[in-house]
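K.L.:
Protein chains: 2
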Amino acid sequence: MSIFIRNILAAVPDAEKTVVTKPYHIYIKEGRISYMEECADGALSEKAESFMKDAEEVIEGKNRMVIPGFVNCHTHSYMSFMRNVADDLNFNDWLFGTISPIEDAMTDEDAYWGANLAILEMMSTGTTCFNDMQMNIHQTTRAVKESGMRAVISRGLVGSGNDEAGQMRLRQAYEERDAFADCDRLSFFLGPHAPYTCDEDFLRIVAAEGAKNDMGIHIHLSESRTEMENCYTRYGCTPIELAERAGLFDGPAIAAHCVYATDEDMEILAEKKVSVVTNPASNMKLGNGFAPIPKMMRAGVNVCLGTDGAASNNCLNMFHELSLLTLIHKGVGNTAQCISAKDGFRIATINGARALCMEKEIGSIEVGKKADLAILNIDTPSFMPNNNLIAGLSYSANGSEVETVIIDGKITMKNREFLTMDKERIYFEIRKIMKRMGLDEKEY
Amino acid sequence: MSIFIRNILAAVPDAEKTVVTKPYHIYIKEGRISYMEECADGALSEKAESFMKDAEEVIEGKNRMVIPGFVNCHTHSYMSFMRNVADDLNFNDWLFGTISPIEDAMTDEDAYWGANLAILEMMSTGTTCFNDMQMNIHQTTRAVKESGMRAVISRGLVGSGNDEAGQMRLRQAYEERDAFADCDRLSFFLGPHAPYTCDEDFLRIVAAEGAKNDMGIHIHLSESRTEMENCYTRYGCTPIELAERAGLFDGPAIAAHCVYATDEDMEILAEKKVSVVTNPASNMKLGNGFAPIPKMMRAGVNVCLGTDGAASNNCLNMFHELSLLTLIHKGVGNTAQCISAKDGFRIATINGARALCMEKEIGSIEVGKKADLAILNIDTPSFMPNNNLIAGLSYSANGSEVETVIIDGKITMKNREFLTMDKERIYFEIRKIMKRMGLDEKEY
Numbered sequence: 008m009s010i011f012i013r014n015i016l017a018a019v020p021d022a023e024k025t026v027v028t029k030p031y032h033i034y035i036k037e038g039r040i041s042y043m044e045e046c047a048d049g050a051l052s053e054k055a056e057s058f059m060k061d062a063e064e065v066i067e068g069k070n071r072m073v074i075p076g077f078v079n080c081h082t083h084s085y086m087s088f089m090r091n092v093a094d095d096l097n098f099n100d101w102l103f104g105t106i107s108p109i110e111d112a113m114t115d116e117d118a119y120w121g122a123n124l125a126i127l128e129m130m131s132t133g134t135t136c137f138n139d140m141q142m143n144i145h146q147t148t149r150a151v152k153e154s155g156m157r158a159v160i161s162r163g164l165v166g167s168g169n170d171e172a173g174q175m176r177l178r179q180a181y182e183e184r185d186a187f188a189d190c191d192r193l194s195f196f197l198g199p200h201a202p203y204t205c206d207e208d209f210l211r212i213v214a215a216e217g218a219k220n221d222m223g224i225h226i227h228l229s230e231s232r233t234e235m236e237n238c239y240t241r242y243g244c245t246p247i248e249l250a251e252r253a254g255l256f257d258g259p260a261i262a263a264h265c266v267y268a269t270d271e272d273m274e275i276l277a278e279k280k281v282s283v284v285t286n287p288a289s290n291m292k293l294g295n296g297f298a299p300i301p302k303m304m305r306a307g308v309n310v311c312l313g314t315d316g317a318a319s320n321n322c323l324n325m326f327h328e329l330s331l332l333t334l335i336h337k338g339v340g341n342t343a344q345c346i347s348a349k350d351g352f353r354i355a356t357i358n359g360a361r362a363l364c365m366e367k368e369i370g371s372i373e374v375g376k377k378a379d380l381a382i383l384n385i386d387t388p389s390f391m392p393n394n395n396l397i398a399g400l401s402y403s404a405n406g407s408e409v410e411t412v413i414i415d416g417k418i419t420m421k422n423r424e425f426l427t428m429d430k431e432r433i434y435f436e437i438r439k440i441m442k443r444m445g446l447d448e449k450e451y
Numbered sequence: 008m009s010i011f012i013r014n015i016l017a018a019v020p021d022a023e024k025t026v027v028t029k030p031y032h033i034y035i036k037e038g039r040i041s042y043m044e045e046c047a048d049g050a051l052s053e054k055a056e057s058f059m060k061d062a063e064e065v066i067e068g069k070n071r072m073v074i075p076g077f078v079n080c081h082t083h084s085y086m087s088f089m090r091n092v093a094d095d096l097n098f099n100d101w102l103f104g105t106i107s108p109i110e111d112a113m114t115d116e117d118a119y120w121g122a123n124l125a126i127l128e129m130m131s132t133g134t135t136c137f138n139d140m141q142m143n144i145h146q147t148t149r150a151v152k153e154s155g156m157r158a159v160i161s162r163g164l165v166g167s168g169n170d171e172a173g174q175m176r177l178r179q180a181y182e183e184r185d186a187f188a189d190c191d192r193l194s195f196f197l198g199p200h201a202p203y204t205c206d207e208d209f210l211r212i213v214a215a216e217g218a219k220n221d222m223g224i225h226i227h228l229s230e231s232r233t234e235m236e237n238c239y240t241r242y243g244c245t246p247i248e249l250a251e252r253a254g255l256f257d258g259p260a261i262a263a264h265c266v267y268a269t270d271e272d273m274e275i276l277a278e279k280k281v282s283v284v285t286n287p288a289s290n291m292k293l294g295n296g297f298a299p300i301p302k303m304m305r306a307g308v309n310v311c312l313g314t315d316g317a318a319s320n321n322c323l324n325m326f327h328e329l330s331l332l333t334l335i336h337k338g339v340g341n342t343a344q345c346i347s348a349k350d351g352f353r354i355a356t357i358n359g360a361r362a363l364c365m366e367k368e369i370g371s372i373e374v375g376k377k378a379d380l381a382i383l384n385i386d387t388p389s390f391m392p393n394n395n396l397i398a399g400l401s402y403s404a405n406g407s408e409v410e411t412v413i414i415d416g417k418i419t420m421k422n423r424e425f426l427t428m429d430k431e432r433i434y435f436e437i438r439k440i441m442k443r444m445g446l447d448e449k450e451y
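Residue numbers (the numbering used here), protein chains in the order written: chain X, 8 to 451; chain P, 8 to 451.
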């Protein structure tokens with residue numbers, strides 16, 4: 008498929024590796040951005056004109072802005088059917104009292120439809136790649152493959168020493184990677200769940216497996232105060248220190264949350280080039296607090312952004328998360344200058360790509376990169392006046408401005424119509440699950 | 008105009024004065040909710056059927072939810088054309104360095120178009136009444152009257168003792184109230200700007216004028232640390248104590264911000280029945296921090312919600328503000344239980360109505376109240392599954408679900424088309440202002 012986007016305001020990297028918005032013609036061919044031409048007055052060069060003629064699809068950029076699709080660096084997409092079922096509960100009551108029993112009753116098909124709902128929501132709000140920890144293999148993966156989305160999948164691993172349960176989950180992780188080797192929008196990390204669900208020996212085994220199989224690590228770390236206290240009691244160190252000594256940081260590693268990271272933890276994270284995914288909505292909603300993100304940025308940590316699952320957020324809208332990221336730390340630190348809109352933009356795009364080992368392929372609008380793009384209508388109250396559009400992304404947009412989405416060079420949403428997913432069928436199946444589980448009986 | 012809404016999930020007060028969502032038929036006539044009938048199975052009684060036949064407009068409620076329109080209790084709507092012009096700056100640099108010079112160059116027409124843009128944005132995101140402090144008389148007021156919106160307007164008052172400037176502004180406040188006495192969607196408060204722009208003698212004069220003219224007070228209080236320090240230095244008390252001793256709290260009073268309210272301040276606010284408007288986005292964005300809202304709620308203060316102006320937020324979307332309100336205090340207090348979704352709902356609706364002395368007229372869906380309603384499409388990823396819809400308002404919706412808006416019994420937005428405002432003309436005028444002021448020259 009070839010696409011020509013004519014005279015659109017594009018958010019592109021500038022000389023200082025930050026971002027600037029300028030008018031461009033963009034030509035997309037065979038999945039990649041093959042040509043870009045700056046066009047202050049909208050005029051087309053001969054070359055651009057010939058690309059436009061060749062293109063199977065021409066998108067007019069008037070009153071539109073194009074951004075690299077957001078990279079949602081931490082979620083559990085199957086959880087979408089649990090949206091709004093467990094609110095205003097502390098972490099332990101939320102996880103062990105409400106969510107775990109639902110997960111126990113969940114079938115593979117439920118997980119598949121949950122993942123579909125998540126992808127629908129992410130796509131419609133400009134996310135073109137996500138990093139997922141799933142519990143039911145082949146389900147999120149299948150939904151990603153069918154929907155045209157891009158994702159990195161980790162089968163969630165829970166284990167103790169070399170117990171059979173842990174070993175079985177590891178085998179499933181490889182089985183899944185092999186089963187989907189034909190889909191180049193999918194790649195795979197290993198997902199040891201957390202230090203409170205995996206013991207040190209098992210973490211050590213997973214680290215060795217990751218190194219042997221050239222797979223990155225995706226883990227929850229230092230999310231709650233209880234986790235910190237229990238880790239100190241059991242291991243005499245922080246969860247981040249434990250992960251380091253188990254060898255989990257020796258290859259590419261993604262640590263979700265890190266709300267309670269200490270100064271020493273941050274040194275480890277920076278030195279070992281661990282990517283930290285902050286999930287501001289989830290961390291606040293479960294009463295865990297605020298991760299020390301500005302401090303991590305100063306320490307040189309690669310900070311990225313995630314929504315977490317819908318059961319603890321309750322949305323997978325990266326605009327919402329970006330707004331939180333760029334607002335809350337100003338409140339916490341009593342300074343308006345700690346995370347700018349441009350910082351937020353990088354955190355939500357290129358930093359996420361870097362965490363997933365894809366920074367040469369996605370995360371910015373540059374010739375040669377894969378065409379993973381979101382086109383926004385900026386002729387809206389939220390973007391009016393069309394001034395300082397990067398600030399608009401953080402502070403005034405809400406995600407509904409996303410009109411057209413291109414993933415891997417293919418249009419997956421066009422003028423808010425999903426071209427690769429059946430929205431009505433997904434809603435139908437989600438309603439069916441709620442009914443079966445008796446979750447539709449809850450007071451509205 | 009008469010409207011019949013058929014079989015819609017309505018967010019209505021329950022016995023405990025909290026909120027519950029149940030299916031209803033709703034009949035609106037002559038500006039008010041004239042009849043409501045619960046309809047678990049969608050069936051129509053004879054009475055409901057006859058209302059439906061009489062109605063000039065029938066709205067089908069399938070996959071829809073109706074809420075009382077949000078009451079945005081603190082904004083400066085003329086500032087909308089300044090959206091995204093001054094970001095990531097501390098309060099003093101923001102106000103005195105950037106915003107004030109733009110205000111100095113602003114004409115009455117600019118303020119009028121700014122207010123129009125604000126109303127467009129508020130209406131499209133479910134706000135049906137707002138409380139505004141304006142600087143250019145007749146401009147926001149004119150936009151409110153023409154647009155079909157409801158508002159309480161305070162002419163911003165700045166003065167020192169009985170200086171002529173202050174007296175002139177007071178005369179303008181009355182002049183404006185009298186000029187718009189024919190529009191019953193408009194009412195008027197007096198708006199002494201803040202303790203750092205009005206001295207104690209002037210505050211005292213305004214308090215007396217308010218009492219004499221039966222007008223409420225709308226003031227900024229305890230917004231920044233600098234304001235606190237300067238007030239201590241000058242008056243030996245907090246801004247809230249100063250306002251009390253000047254008599255500003257002897258009648259209906261609305262205090263915006265109160266970020267730095269002390270325990271003693273909260274006692275005063277509760278005892279004097281002052282309504283506090285929290286503006287979470289603005290307070291974070293300018294580096295002022297988090298108001299102690301859960302503590303104020305426990306102290307019995309009537310807490311309401313506002314967006315502040317677009318220059319410091321940068322959006323007037325109450326869904327955004329509601330999400331912040333119900334998330335941030337969980338992070339600050341490390342508890343998931345401090346402000347529930349239902350608390351947030353009341354704060355954004357009936358508490359705001361109470362602050363504006365309109366709780367008997369608006370703020371909830373009840374027979375006899377004015378029909379100020381927002382109808383949401385809940386057949387969206389953000390609301391799916393349709394479970395616990397009040398949680399959805401806070402945690403997963405973004406405002407784009409608002410499809411139809413009714414104010415004073417008239418449809419002002421229908422299926423996202425504005426019936427009472429000219430969107431294109433407003434955008435055109437806003438672009439013209441930006442060009443004239445040279446603000447379109449900023450790097451995008």
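Ideal Cβ placement from N, Cα and C applies to all residues, glycine included.
Under 8 Å Cβ-Cβ, which residues of chain X neighbour Asn99(P)?
P.N.:
Position 92 of the second sequence, counting from 1, holds the residue named residue 99(P). Correct list: empty, because the minimum Cβ distance to chain X is about 10 Å.
K.L.:
Identify each residue in the stretch 391-422 of chain P for which the Cβ-Cβ distance to at least one residue of chain X is less than 7 Å, and report them in chain order.
P.N.:
Listed by position along the chain: Met391, Pro392, Asn394, Asn395, Leu396, Ala398, Gly399, Tyr402, Ser403, Asn405, Gly406 and Ser407.
K.L.:
Taking Tyr85(P) as the reference, give the member of Asp257(P), Asn138(P), Gly168(P) and Phe58(P) with the closest Cα.
P.N.:
Translated into positions along the second sequence, residue 85(P) becomes position 78. Nearest C-alpha to Tyr85(P): Asn138(P).
K.L.:
With DSSP run on the structure shown, which of helix, strand or coil describes Cys311(X)?
P.N.:
Counting from 1 along the first sequence, the entry for residue 311(X) is found at position 304. It is a strand residue.
K.L.:
Please report the distance separating the alpha-carbon of Ile40(P) from that of Ser57(P).
P.N.:
Here residue 40(P) corresponds to residue number 33 of the second sequence, with the count starting at 1. Here residue 57(P) corresponds to residue number 50 of the second sequence, with the count starting at 1. For Ile40(P) and Ser57(P), the distance between alpha carbons rounds to 16 Å.
K.L.:
Determine whether the Cβ of Val283(P) lies closer than 9 Å to any Cβ atom of chain X.
P.N.:
Numbered from 1 along the second sequence, position 276 holds the residue referred to as residue 283(P). Not closer than 9 Å to any Cβ of chain X, the Cβ of Val283(P) fails to qualify, so no.
K.L.:
Are the C-beta atoms of Leu446(P) and some chain X residue less than 9 Å apart?
P.N.:
Along the second sequence, one-based indexing puts residue 446(P) at 439. Yes, because at least one Cβ of chain X sits closer than 9 Å to the Cβ of Leu446(P).
K.L.:
Curious, which full-length alpha helix (DSSP H) runs of at least 4 residues does the stretch 195-269 of chain X contain?
P.N.:
For the stretch 195-269 of chain X, whole alpha helix (DSSP H) runs of length 4 or above, ordered along the chain, are 207-220, 232-242 and 246-252.
K.L.:
Do Met291(P) and Ile335(P) have their C-beta atoms closer together than 9 Å?
P.N.:
Along the second sequence, read from residue 1 onward, the residue named residue 291(P) stands at position 284. Along the second sequence, read from residue 1 onward, the residue named residue 335(P) stands at position 328. Contact flag set, yes.
K.L.:
Hey, does Phe352(P) have any beta-carbon neighbour from chain X nearer than 9 Å?
P.N.:
Start at 1 with the first residue of the second sequence, and residue 352(P) comes out as number 345. Not closer than 9 Å to any Cβ of chain X, the Cβ of Phe352(P) fails to qualify, so no.
K.L.:
From the DSSP output, in three-state form, read off Pro20(X) for me.
P.N.:
Here residue 20(X) corresponds to residue number 13 of the first sequence, with the count starting at 1. Here Pro20(X) sits in strand by DSSP.
K.L.:
Between the stretch 338-350 of chain P and chain X, which residues of the former have CB atoms less than 7 Å from a CB of the latter, in chain order?
P.N.:
Within the stretch 338-350 of chain P, the qualifying residues are Gly338, Asn341, Thr342, Ala343, Gln344, Ser347 and Ala348.
K.L.:
Would you report the Cα separation of Ala268(P) and Gly375(X), rounded to the nearest angstrom?
P.N.:
One-based indexing of the second sequence puts residue 268(P) at position 261. One-based indexing of the first sequence puts residue 375(X) at position 368. Cα to Cα, Ala268(P) sits roughly 55 Å from Gly375(X).
K.L.:
Quick check: what's the CA-CA separation for Met140(P) versus Glu408(X)?
P.N.:
If you number the second sequence from 1, residue 140(P) lands on position 133. If you number the first sequence from 1, residue 408(X) lands on position 401. Distance between the alpha carbons of Met140(P) and Glu408(X) is about 29 Å.
K.L.:
Once DSSP output is grouped into helix, strand and coil, what is the label at Glu431(X)?
P.N.:
Translated into the one-based positions of the first sequence, residue 431(X) becomes position 424. Helix.
K.L.:
Where does Ile10(P) sit, in a helix, a strand or coil, going by DSSP?
P.N.:
One-based indexing of the second sequence puts residue 10(P) at position 3. Note: Ile10(P) maps to strand in three-state DSSP.
K.L.:
Tell me which residues of the stretch 63-89 of chain P have at least one Cβ-Cβ distance to chain X shorter than 7 Å, keeping chain order.
P.N.:
Residues passing the 7 Å Cβ filter: Phe88.
K.L.:
Could you have a look at Pro299(X) and say whether DSSP puts it in helix, strand or coil?
P.N.:
Residue mapping note: residue 299(X) aligns to position 292 of the first sequence, counting from 1. It is coil, neither helix nor strand.
K.L.:
Do the stretch 321-330 of chain X and the stretch 394-414 of chain X touch if we need at least three Cβ pairs shorter than 8 Å?
P.N.:
With a cut-off of 8 Å, the stretch 394-414 of chain X and the stretch 321-330 of chain X count as touching, because enough Cβ pairs lie within range.
K.L.:
Buried or exposed for Leu426(P), going by 16 or more other Cβ atoms inside 10 Å?
P.N.:
One-based indexing of the second sequence puts residue 426(P) at position 419. By the neighbour-count rule (16 or more Cβ atoms within 10 Å), Leu426(P) is not buried but exposed.
K.L.:
Check whether chain P comes within 9 Å of Pro301(X), counting only Cβ atoms and requiring the distance to be less than that.
P.N.:
Position 294 of the first sequence, counting from 1, holds the residue named residue 301(X). No, Pro301(X) does not count as interfacial toward chain P.
K.L.:
Taking Ile106(X) as the reference, which of Asp447(X), Tyr119(X), Glu366(X) and Phe88(X) has the closest Cα?
P.N.:
Reading the first sequence from its first residue, position 99 is the one you call residue 106(X). Ile106(X) has its Cα closest to that of Phe88(X), out of Asp447(X), Tyr119(X), Glu366(X) and Phe88(X).
K.L.:
Measure the Cβ-Cβ separation of Met175(P) and Leu197(P) and say whether it is below 9 Å.
P.N.:
For the purposes of this step, residue 175(P) is taken as the residue at position 168 of the second sequence. For the purposes of this step, residue 197(P) is taken as the residue at position 190 of the second sequence. No. Outside cutoff.
K.L.:
If we call anything under 9 Å between Cβ atoms a contact, is Met113(P) one with Cys136(P)?
P.N.:
The residue given as residue 113(P) occupies position 106 in the second sequence. The residue given as residue 136(P) occupies position 129 in the second sequence. Their beta carbons are not under 9 Å apart, which means Met113(P) does not touch Cys136(P) by this criterion.
K.L.:
Run through DSSP, which three-state label would Ile369(X) get?
P.N.:
Residue 369(X) sits at position 362 when you count from the first residue of the first sequence. If DSSP states are grouped into helix, strand and coil, Ile369(X) belongs with coil.
K.L.:
Helix or strand or just coil, what does DSSP make of Phe137(X)?
P.N.:
As a working mapping, residue 137(X) is identified with position 130 in the first sequence. Of the three classes helix, strand and coil, the one that applies to Phe137(X) here is strand, per DSSP.
K.L.:
Which residues in chain P sit within 7 Å of Ile106(X), going by Cβ to Cβ distance?
P.N.:
Position 99 of the first sequence, counted from the first residue, corresponds to residue 106(X). Chain P residues near Ile106(X): none, gap ~13 Å exceeds 7 Å.
K.L.:
On the criterion of 16 or more Cβ atoms from any shown chain inside 10 Å, does Asp61(P) qualify as buried, or is it exposed?
P.N.:
Here residue 61(P) corresponds to residue number 54 of the second sequence, with the count starting at 1. That one is exposed.
K.L.:
With a threshold of 9 Å between beta-carbons, can Leu329(X) be considered close to chain P, or not?
P.N.:
Numbered from 1 along the first sequence, position 322 holds the residue referred to as residue 329(X). No - not a single Cβ of chain P is within 9 Å of the one on Leu329(X).
K.L.:
Just to confirm my understanding: we take Pro202(P), look at its own chain, exclude 5 residues before and 5 after, and list those with CB closer than 6 Å. What are they?
P.N.:
Locating residue 202(P) in the second sequence gives position 195, where the first residue counts as 1. These residues qualify, in order along the chain: Cys238, Pro246 and Leu249.
K.L.:
How many Å lie between Tyr451(X) and Ala22(P) at the Cα?
P.N.:
In the first sequence, counting from the first residue as 1, residue 451(X) sits at position 444. In the second sequence, counting from the first residue as 1, residue 22(P) sits at position 15. The predicted position of Tyr451(X) is uncertain, since its pLDDT is 46 and thus under 50; a value taken from the coordinates is nonetheless stated next. So the two alpha carbons sit approximately 15 Å from each other.
K.L.:
With distances taken between CB atoms, is the gap from Phe209(X) to Gly258(X) smaller than 9 Å?
P.N.:
Your numbering for residue 209(X) matches position 202 in the first sequence. Your numbering for residue 258(X) matches position 251 in the first sequence. Not closer than 9 Å, so no.
K.L.:
Please report the residue range of the beta strand (DSSP E) in which Thr411(P) lies.
P.N.:
Walking along the second sequence from the start, residue 411(P) turns up at place 404. Here the beta strand (DSSP E) through Thr411(P) covers Val409 to Ile414.
K.L.:
Closer than 7 Å by beta-carbon distance: list the chain X residues that pair up with Glu128(P), in chain order.
P.N.:
Reading the second sequence from its first residue, position 121 is the one you call residue 128(P). Within 7 Å Cβ-Cβ: Pro388 and Ser389.
K.L.:
Mind listing the chain X neighbours of Lys292(P)? Cutoff is C-beta to C-beta under 9 Å, in chain order.
P.N.:
Numbered from 1 along the second sequence, position 285 holds the residue referred to as residue 292(P). Chain X residues near Lys292(P): Thr333, Leu334, Lys337, Gly338, Ala343 and Tyr402.
K.L.:
Pop quiz: Cys190(X) and Leu164(X) are said to be a contact at Cβ under 8 Å. What is the actual Cβ separation, rounded to whole angstroms?
P.N.:
Residue 190(X) sits at position 183 when you count from the first residue of the first sequence. Residue 164(X) sits at position 157 when you count from the first residue of the first sequence. So it is not a contact: roughly 22 Å between Cβ atoms.
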